[in-house]
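Written out below as structure tokens is the structure these notes cover.
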Amino acid sequence: MSEADAPYGRQEIGQVISGSLLNGLTMKLHADQPIEEIRAGKFVVIQGDKSEFFSMITDVTLSTSAQGLLDNPPSRDDELMHKVLAGTTTYGTVALRPMLMVSGKDLLPVKSIPGHFRPVLTANAEDVNRVFGSEDTDTKYFHVGTPLDMGETPVCLNLERFVERSNGIFGKSGTGKTFLTRIVLCGVIKNQRAVNLVFDMHSEYGWKGTVEGERAEVRGLKQYFPDRVAVFSLDPDSSRRRGAPIDFEVKIPYGQVTVEDIILLQNELNLTSTALETCYALVSRFGESRWLSELIRMDADAIKDFCETNNVNQAALSALQRKLRVLTESCKSFLIDERETPIDVDAVRQIMTYLDGGKNVVLEFGQHTQPLRYMLVANILTRRIHDYYVKKTEESLGGDKPKPRPLVITIEEAHKFLGPSLANQTIFGTIAREMRKYNVTLLVVDQRPSGIDSEILSQVGTKITCLLNDDKDIDAVLTGVSNASGLRGVLASLDSKQQALVLGHAVPMPVVIQTRQYDDEAFRLSMGLKPPEDRDDAIKLEIERDFA
Amino acid sequence: MADEQIIGEIIEASTTEFVAESRELHSPPPFGSFVKVAWNGPTDTQPDDPFELQPAIYAVVHHASTAPVNTGRRLRAFWKDEEELKEQQPELDEWMLVTNFRAVIIGYCANGQVSQILPPKPPKLLTRVYPCEPGEIKRITEQKHFLRTLLLFPSAPTEEVVAAAIRTAWKICDQDSFLVDAGKELANLLKDDYDRLQAIMRRVAQ
Numbered sequence: 062m063s064e065a066d067a068p069y070g071r072q073e074i075g076q077v078i079s080g081s082l083l084n085g086l087t088m089k090l091h092a093d094q095p096i097e098e099i100r101a102g103k104f105v106v107i108q109g110d111k112s113e114f115f116s117m118i119t120d121v122t123l124s125t126s127a128q129g130l131l132d133n134p135p136s137r138d139d140e141l142m143h144k145v146l147a148g149t150t151t152y153g154t155v156a157l158r159p160m161l162m163v164s165g166k167d168l169l170p171v172k173s174i175p176g177h178f179r180p181v182l183t184a185n186a187e188d189v190n191r192v193f194g195s196e197d198t199d200t201k202y203f204h205v206g207t208p209l210d211m212g213e214t215p216v217c218l219n220l221e222r223f224v225e226r227s228n229g230i231f232g233k234s235g236t237g238k239t240f241l242t243r244i245v246l247c248g249v250i251k252n253q254r255a256v257n258l259v260f261d262m263h264s265e266y267g268w269k270g271t272v273e274g275e276r277a278e279v280r281g282l283k284q285y286f287p288d289r290v291a292v293f294s295l296d297p298d299s300s301r302r303r304g305a306p307i308d309f310e311v312k313i314p315y316g317q318v319t320v321e322d323i324i325l326l327q328n329e330l331n332l333t334s335t336a337l338e339t340c341y342a343l344v345s346r347f348g349e350s351r352w353l354s355e356l357i358r359m360d361a362d363a364i365k366d367f368c369e370t371n372n373v374n375q376a377a378l379s380a381l382q383r384k385l386r387v388l389t390e391s392c393k394s395f396l397i398d399e400r401e402t403p404i405d406v407d408a409v410r411q412i413m414t415y416l417d418g419g420k421n422v423v424l425e426f427g428q429h430t431q432p433l434r435y436m437l438v439a440n441i442l443t444r445r446i447h448d449y450y451v452k453k454t455e456e457s458l459g460g461d462k463p464k465p466r467p468l469v470i471t472i473e474e475a476h477k478f479l480g481p482s483l484a485n486q487t488i489f490g491t492i493a494r495e496m497r498k499y500n501v502t503l504l505v506v507d508q509r510p511s512g513i514d515s516e517i518l519s520q521v522g523t524k525i526t527c528l529l530n531d532d533k534d535i536d537a538v539l540t541g542v543s544n545a546s547g548l549r550g551v552l553a554s555l556d557s558k559q560q561a562l563v564l565g566h567a568v569p570m571p572v573v574i575q576t577r578q579y580d581d582e583a584f585r586l587s588m589g590l591k592p593p594e595d596r597d598d599a600i601k602l603e604i605e606r607d608f609a
Numbered sequence: 169m170a171d172e173q174i175i176g177e178i179i180e181a182s183t184t185e186f187v188a189e190s191r192e193l194h195s196p197p198p199f200g201s202f203v204k205v206a207w208n209g210p211t212d213t214q215p216d217d218p219f220e221l222q223p224a225i226y227a228v229v230h231h232a233s234t235a236p237v238n239t240g241r242r243l244r245a246f247w248k249d250e251e252e253l254k255e256q257q258p259e260l261d262e263w264m265l266v267t268n269f270r271a272v273i274i275g276y277c278a279n280g281q282v283s284q285i286l287p288p289k290p291p292k293l294l295t296r297v298y299p300c301e302p303g304e305i306k307r308i309t310e311q312k313h314f315l316r317t318l319l320l321f322p323s324a325p326t327e328e329v330v331a332a333a334i335r336t337a338w339k340i341c342d343q344d345s346f347l348v349d350a351g352k353e354l355a356n357l358l359k360d361d362y363d364r365l366q367a368i369m370r371r372v373a374q
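Residue numbers (the working numbering), protein chains in the order written: chain A, 62 to 609; chain B, 169 to 374.
See below:
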């Protein structure tokens, strides 16, 4: 096919010369195509006889048909020889991984390959829309970025599918995970496909966030959707200092801390298995709601008595008390002994009220950024919210009541919750596995995916992955992905900023994207935020009206 | 074709090459130059053909020699300079010596279409040989398949012939792209013999 025959915007770059369904295809690059412009992750279309094969470039190789040439290469000044050899004796071959077969309007999984010498074309905007959908055709599609080297053509996530499963956003520190998460959350909130609960460890999502390396600030979710986002805070002083308005201050009574929450912290608190058994002894003696406050209040005599009557090792109990006192002390600004200071409004109930009303909740941690506190609070709240959702789902199955709104819980530093030793015990492991049965899913944001239990990773629906260098992390992200070999190279060769590989449930085929700019004019407009001039006009109008 | 342009007359012909006697002693057409022989093929020319190519067989000169006409009698040295020789032995130039050249056939033209394949019949004996016009050379070297014919011709210094032919055509086309295209064709033909490709390209560039 000549370039003139190719549909608008497509350009022929080579021909298929070999390959297999299992190992992917090899394309010989046309002599006039500069090899340096062929990048791993680029989206191309192979024109078969009956179907088109949407594929991703996974590797680029320098090849030659004359072995002798490599032993005696032409000199650098011999321009003519370089030109003569380019595309004839020396040429580029490109490894392609077909991801999707398009036959008419049907998008099918790849079960065959195109024949010899079929042309390989760069994709055009229409191809991208056909595969990834367009915001213009349906609100379930949400623009998250553009394919590599394809200008302004948007790649969309199917949000309906996105919220059906737990999802992950991975990448090394500083690769733009937080920005990507903000973009995705904005999409989910704007299209109202689910409500969100964000455990905002570094106070980046609620009112405003920072730009790394610059002294600039970007809007948080609350500024985009003032009516649909509520900011809760564990540290109202910090929120006040940052000038971020909050809707609710979260206090957690001792009575809501369970043994399971302590198990989650066993590494952080350096607890032994005996300590956990001791916890259970306390629970059986004092009950779920009082064990912690009783333990913290015990003096030496009380410990001795308890150990004698309950057959517990005294040293173990003392050690447990010491460690939990450290915990309660470090969390004293939000972890409250309700027997001393009664709490008026239960935070979980408040969160549930908001979530039920379709409002999204961002919980800012303020100064409490230590993993220990973050994990404790996230686990306590999530466990109860999950119980609440299970109850509501069961009620809806029982008859009249509607199903609860799908809930997406965003957690950062997820490997601390979902590590192999903890995944079976914490509520996050349960949610990741149970998935949509109870309409609660996770959005896991993490820089060390290899620290997450592989069973959970394999169940993650959509993975959005920024640059990862560590082989273990790359392997972990590609767990549960078929034919992942070609994607390894793609993942390792992403730019260190604003590029991501999107694969899984919410996209028909894996694709590398240049992520959308967050908080620029176009983003603000697409989120329904009026341009500043309009806002000024609105204020002027209001002033005129008031003084008229 | 005008009579003054005649450069030779065929004295021996085969499917792949012909031998012609040069019109002037010691002045055969240059090595690697393009020559043509009238051919009694179809005569229609294409209406838009800028060169109005007549039916002809095209060939590239790959060998030239000057020797006594009578091959049975060996020429002896006269030990005289050129002027003296002309005065004292005019018969040498007039009838004792002859210059012949050989040309390898690379294609033909019929109905205004150039085909870079061997003609169905060899040229007739005693047919006149003419040099190709620049326009004709441009036209017949548009495609580079003739390089394969030259490369595979057995009894010639092929690297030299190919290089000379490319140089001749390049001077007329005056475009570097011609050189690159010809080089690419050679690179495809010689993919197993990089040294030979290099040797030819070096000769072309000189």
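Just so you know, even glycine gets a beta-carbon here, dropped at the ideal spot from N, CA and C.
When we look at the beta-carbon of B/F321 and count the other beta-carbons within 10 Å, is it buried (16 or more) or exposed?
buried
So, for A/S511: in the same chain, excluding its five sequence neighbours on each side, which residues have a beta-carbon less than 6 Å away from its beta-carbon?
Cβ within range, chain order: K533, D534, A537.
Looking at the unbroken beta strand (DSSP E) that takes in B/H231, where does it start and where does it end?
224-236
For B/Q366 and A/G129, I'd like the C-alpha separation in whole angstroms.
11 Å
I want to see whether chain D comes within less than 8 Å of A/G129, judged by CB atoms only; does it?
No chain D appears in this structure, whose protein chains are A and B.
Hey, does B/L376 have any beta-carbon neighbour from chain A nearer than 8 Å?
Any property of residue 376 of chain B remains undetermined from this structure, which presents chain B solely from 169 to 374.
Over the uninterrupted alpha helix (DSSP H) stretch that includes A/A322, give me the two end residues.
Looking at the sequence itself, residue 322 of chain A is Asp, so the reference to Ala does not match. A/D322 -> alpha helix (DSSP H) spans 320-325.
Count the other CB atoms, across all protein chains shown, that sit within 10 Å of the CB of B/H194; report buried if there are 16 or more and exposed otherwise.
exposed
Quick one: is A/Q382 buried, meaning 16 or more other Cβ sit within 10 Å of its Cβ, or exposed?
When all chains shown are included, A/Q382 counts as buried.
A/V155 and A/L90 look like a contact to me (Cβ under 8 Å); what is the Cβ gap, rounded to whole Å?
Going by Cβ atoms, the distance from A/V155 to A/L90 rounds to 6 Å, so yes, they are a contact pair.
Simplified DSSP assignment, three categories, for A/Q72:
coil
Does the Cβ-Cβ distance between A/A101 and A/S554 come in under 8 Å?
yes
Check whether chain B comes within 8 Å of A/D138, counting only Cβ atoms and requiring the distance to be less than that.
no
Counting only beta-carbon atoms, is B/Y276 nearer than 8 Å to chain A?
no
Chain A partners of B/A373, CB-CB under 8 Å?
L141
For a quick check, are the C-beta atoms of A/I525 and A/V563 less than 8 Å apart?
yes
Given that B/A355 touches chain A, what residues does it touch there, using C-beta distances under 7 Å?
V145, L146, T149, T150
So, helix, strand or coil for A/K251, using DSSP?
DSSP places A/K251 in helix when its eight states are reduced to three.
In terms of residues, what are the limits of the alpha helix (DSSP H) holding A/F584?
582-587
Quick one: is A/P467 buried, meaning 16 or more other Cβ sit within 10 Å of its Cβ, or exposed?
So A/P467 ends up on the buried side.
Would you please verify whether the beta carbon of A/S126 is less than 8 Å from any beta carbon of chain B?
yes
Amino acids of chain A, ordered along the chain, whose beta-carbon sits closer than 9 Å to that of B/D363
G129, N133
Work out the CA separation of B/E251 and B/L358 for me, nearest whole Å.
48 Å
In the DSSP assignment, the beta strand (DSSP E) including A/I441 goes from what residue to what residue?
No beta strand (DSSP E) contains A/I441, which is instead part of the alpha helix (DSSP H) from 432-459.
Can you tell which of A/H476, A/K238, A/N530, A/G547 has the C-alpha that lies nearest to the C-alpha of A/T517?
Before going on, a small fix: residue 517 of chain A reads as Ile here, not Thr. A/I517 has its Cα closest to that of A/H476, out of A/H476, A/K238, A/N530, A/G547.
Taking 8 Å as the cut-off, decide whether the C-beta atoms of A/F114 and A/P159 are in contact.
yes
How would you label A/W9, buried or exposed, when you count the other beta carbons within 10 angstroms and need 16 or more for buried?
Residue numbering for chain A in the displayed model covers 62 to 609; residue 9 of chain A lies beyond these limits and cannot be assessed.
Cβ atoms of A/T502 and A/I513: under 8 Å apart, would you say?
No, the pair does not count as a contact, with Cβ atoms beyond the cut-off.
Would B/M369 count as contacting chain A if we go by Cβ distances under 8 Å?
yes
Identity of the residue in A/E329, A/V163, A/M570, A/V521 nearest A/D110 by Cα
A/V163
Counting beta carbon pairs with one atom in the region 353-366 of chain A and one in the region 288-298 of chain A, are three or more of them shorter than 8 Å?
no
If you drop the 5 nearest sequence neighbours on each side, which residues of the same chain put their C-beta closer than 8 Å to that of A/S81?
So the qualifying residues of the chain are I174.
I want to verify the contact list: residues of chain A whose CB lies under 9 Å from the CB of B/G351, in sequence order.
Those are L141, M142, K144, V145, L146, T149, listed as they occur along chain A.
Neighbour flag for B/K359 against chain A, beta carbons, 8 Å
yes
Quick one: Cα of A/C527 to Cα of A/T335, how far?
41 Å
Cα separation between A/T319 and A/Q411?
20 Å
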